[in-house]
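Protein chains in written order, with my numbering: chain P, 734 to 1008; chain F, 734 to 1008.
In structure tokens form, the structure reads like this:
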């Protein structure tokens, strides 16, 4: 690797920027995010995320893979900065940091760039509040081969460190769209895209329901579920049956239960055609 | 409600105990737990949890339901202590506490008290590490009407405040068993109880798999899945297919996806019998 001078001051502008990116405001204004750890940096690099600056703490970075990723990114034109262990630890989100982190550009698609194809799965989230839930939903979306997630109005930020950690790199495999409810509503109506919501009060059982070939799964907020206006926008609403005392599931769990059911329906349909 | 004197000192022994119960060591030694918030106290009371001491901050407790629960518990012989807002806030796990909390006895079953009936669902967790995951799993278990959870060796504590919050009261609807791996292994073998594990490397697809009428679902650790010795103990292992880049799902999500699949199989079987 090309030798670079070692950053030993936490007052270095890039280090200050990396630290500031923990705050949503800074992320929103800059369009950047701070990612940390070998796995997520590799995922970001593999999925073509725009890595602006790679931060390496050579003494902490024991992994050969990490070094080769750094080499590769350097060749691709990314800025690679070596920092002292102390500086890296001052930034680190984890207690036992792996010595590799990056400042990346956030990647967002516009709603009018989204063109659903039959068989594709998209999830719209009305107001997911918990970054861990959002990250877990992204991870599950990747698991079922979904295309992306549309985040409405008051949803939390997928580039929040907790969301990124929970997504286990799936952040970089899913298309991300931000939209106001109004824009989403207009777009959905104009494009005639069926919207399938979930609610404990729905009549359709999510298991016996016949999902359309093309649709968006619409999930509400952790506490309140889908709002009234969101329910009105839905073409169909399905219910996950609850057997016990609880009246709802965790949001990431509910999303996963429906996504895997849809996935199984799709697999069954292909099996039936083949059979 | 019977008037009681107001506790205004954080040095009061009961207040000190409540605070100490955040630590696992204290919970283990005392067999007690500290629960906070109207919903969980109500769930605990409704499911017959042994509430030793109810802590009320009258000015914070705006809910009529909370007052009537307090009244009821007082009549059942629980100690009811009124504390000042300041004392309550010094204990509170939340920023905006509801003014109601309790010290409860933990409730555990012994493994030799567990007698599985056909159609009952039990989950064994080898080494769940994250209390939020454990709480979420309990919530999902309640959702599908499962009977209980068997926690092996290195599992986290369901009475951890984060686990209890995530369980949304389901902690009190599920039977909880703690066991060493060896005891579990001996018991399972003697009782001839089929154990169905999950692994990304398994041949059986969890969706097409024919689940036995009576079995325990066995889930591994967040990072490592089921250990080798745990895999050896399994009679069958199923795989949740993964479509994207990720090689695994969040543990609470994976457990939920399989539990709801089992639930659907059971519902389908009943439907077929009826049909």
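Ideal Cβ positions, reconstructed from N, Cα and C, are used throughout, including at glycine. Owing to the predicted nature of the structure, the values given are computational and were not obtained by experimental measurement.
Task: Interface positions of the stretch 754–785 of chain F facing chain P (Cβ-Cβ less than 9 Å), listed along the chain - done: 776, 779 and 780
Task: Same chain, Cβ closer than 6 Å to residue 1009/F, neighbours up to 5 away in sequence not counted - done: An answer regarding residue 1009/F cannot be provided, because it is not within the stretch 734 to 1008 covered by chain F.
Task: residue 859/F, enclosing beta strand (DSSP E) - first and last residue - done: Here residue 859/F is taken as the residue at index 126 of the second chain, counted from 1. Here residue 859/F belongs to no beta strand (DSSP E), and DSSP marks it neither H nor E.
Open item on the list: Considering only their Cβ atoms, is the gap separating residue 875/P from residue 979/F smaller than 8 Å?
Closed with: Reading the second chain from its first residue, position 246 is the one you call residue 979/F. Reading the first chain from its first residue, position 142 is the one you call residue 875/P. For residue 979/F and residue 875/P, yes; Cβs fall inside 8 Å.
Open item on the list: Using beta carbons (cut-off 8 Å, strictly below), is residue 990/F in contact with chain P?
Closed with: The residue given as residue 990/F occupies position 257 in the second chain. It does: the Cβ of residue 990/F has a partner Cβ on chain P nearer than 8 Å.
Task: Rounded straight-line distance, which links the Cα of residue 818/F to that of residue 742/F - done: Reading the second chain from its first residue, position 9 is the one you call residue 742/F. Reading the second chain from its first residue, position 85 is the one you call residue 818/F. Those two C-alpha atoms are separated by around 11 Å.
Open item on the list: Just to confirm the assignment, what range does the beta strand (DSSP E) spanning residue 952/P have?
Closed with: Sequence index remark: in the first chain, residue 952/P carries index 219 (1-based). Counting along the chain, the beta strand (DSSP E) containing residue 952/P begins and ends at 948–952.
Open item on the list: Strictly by DSSP, which residues pair up with residue 842/P?
Closed with: To locate residue 842/P, count along the first chain from 1; it is residue 109. Bridge partners of residue 842/P: 910/P.
- [ ] Return the residue from the list 739/F, 751/F and 950/F that minimises the CA-CA distance to residue 859/F.
- [x] Here residue 859/F is taken as the residue at index 126 of the second chain, counted from 1. Measuring from the Cα of residue 859/F, the nearest candidate turns out to be 950/F.
Open item on the list: Within 10 Å of its beta-carbon, does residue 894/F have 16 or more other beta-carbons around it, so buried, or fewer, so exposed?
Closed with: Residue 894/F sits at position 161 when you count from the first residue of the second chain. Classification for residue 894/F: buried.
Open item on the list: I'd like to confirm the pairing. Which residues does DSSP put opposite residue 767/F in its beta bridges?
Closed with: In the second chain, the residue the question calls residue 767/F occupies position 34. In DSSP, residue 767/F forms a bridge with 836/F.
Task: beta strand (DSSP E) segment containing residue 882/F, residue limits - done: In the second chain, the residue the question calls residue 882/F occupies position 149. That run of the beta strand (DSSP E) goes 881–885.
Task: Residues that residue 875/F contacts on chain P, provided the C-beta gap is smaller than 7 Å - done: Along the second chain, read from residue 1 onward, the residue named residue 875/F stands at position 142. Within 7 Å Cβ-Cβ: 977, 978 and 979.
TODO: Starting from residue 931/F, follow the beta strand (DSSP E) in both directions and report where the run begins and ends.
DONE: As a working note, residue 931/F is residue 198 in the second chain. Counting along the chain, the beta strand (DSSP E) containing residue 931/F begins and ends at 928–931.
Task: Cβ-Cβ distance between residue 966/F and residue 910/F below 8 Å - done: Position 233 of the second chain holds residue 966/F. Position 177 of the second chain holds residue 910/F. No, the pair does not count as a contact, with Cβ atoms beyond the cut-off.
- [ ] Would you give the residue range spanned by the beta strand (DSSP E) that residue 786/P belongs to?
- [x] Residue numbering aside, residue 786/P sits at position 53 when the first chain is read from its first letter. Segment 784–789, the beta strand (DSSP E) holding residue 786/P.
Open item on the list: Between residue 993/P and residue 877/P, how many whole angstroms is the CB-CB distance? I'm expecting something under 8 Å.
Closed with: Reading the first chain from its first residue, position 260 is the one you call residue 993/P. Reading the first chain from its first residue, position 144 is the one you call residue 877/P. Right, the Cβ-Cβ distance comes to about 6 Å (below 8 Å), so this counts as a contact.
Open item on the list: Are the CB atoms of residue 834/F and residue 689/F within a distance shorter than 8 Å?
Closed with: Any answer about residue 689/F is impossible in this case: the structure gives chain F only from 734 up to 1008.
Task: Whole-number beta carbon distance between residue 815/F and residue 830/F, since they are thought to touch under 8 Å - done: Working through the second chain from its first residue, we reach residue 830/F at position 97. Working through the second chain from its first residue, we reach residue 815/F at position 82. Not quite, the Cβ-Cβ distance comes to about 14 Å (not below 8 Å), so this is no contact.
Task: Assigned secondary structure, residue 938/F (DSSP; H/G/I helix, E/B strand, else coil) - done: Residue 938/F sits at position 205 when you count from the first residue of the second chain. Correct three-state label for residue 938/F: strand.
Task: Boundaries (first-last residue) of the alpha helix (DSSP H) holding residue 849/P - done: The residue you call residue 849/P lines up with position 116 of the first chain. Looking at the DSSP string, residue 849/P is not in any alpha helix (DSSP H), and its letter there is neither H nor E.
Task: 8 Å Cβ cutoff met for residue 930/F and residue 879/F - done: If you number the second chain from 1, residue 930/F lands on position 197. If you number the second chain from 1, residue 879/F lands on position 146. No, these two residues do not count as a Cβ contact at 8 Å.
- [ ] List the residues that DSSP assigns as beta-bridge partners of residue 815/P.
- [x] Your numbering for residue 815/P matches position 82 in the first chain. 739/P and 789/P.
Task: Assigned secondary structure, residue 1082/F (DSSP; H/G/I helix, E/B strand, else coil) - done: Given a span of 734 to 1008 for chain F in the structure shown, any question on residue 1082/F remains unanswerable.
Task: residue 865/F (DSSP reduced to helix, strand or coil) - done: Here residue 865/F corresponds to residue number 132 of the second chain, with the count starting at 1. Helix at residue 865/F.
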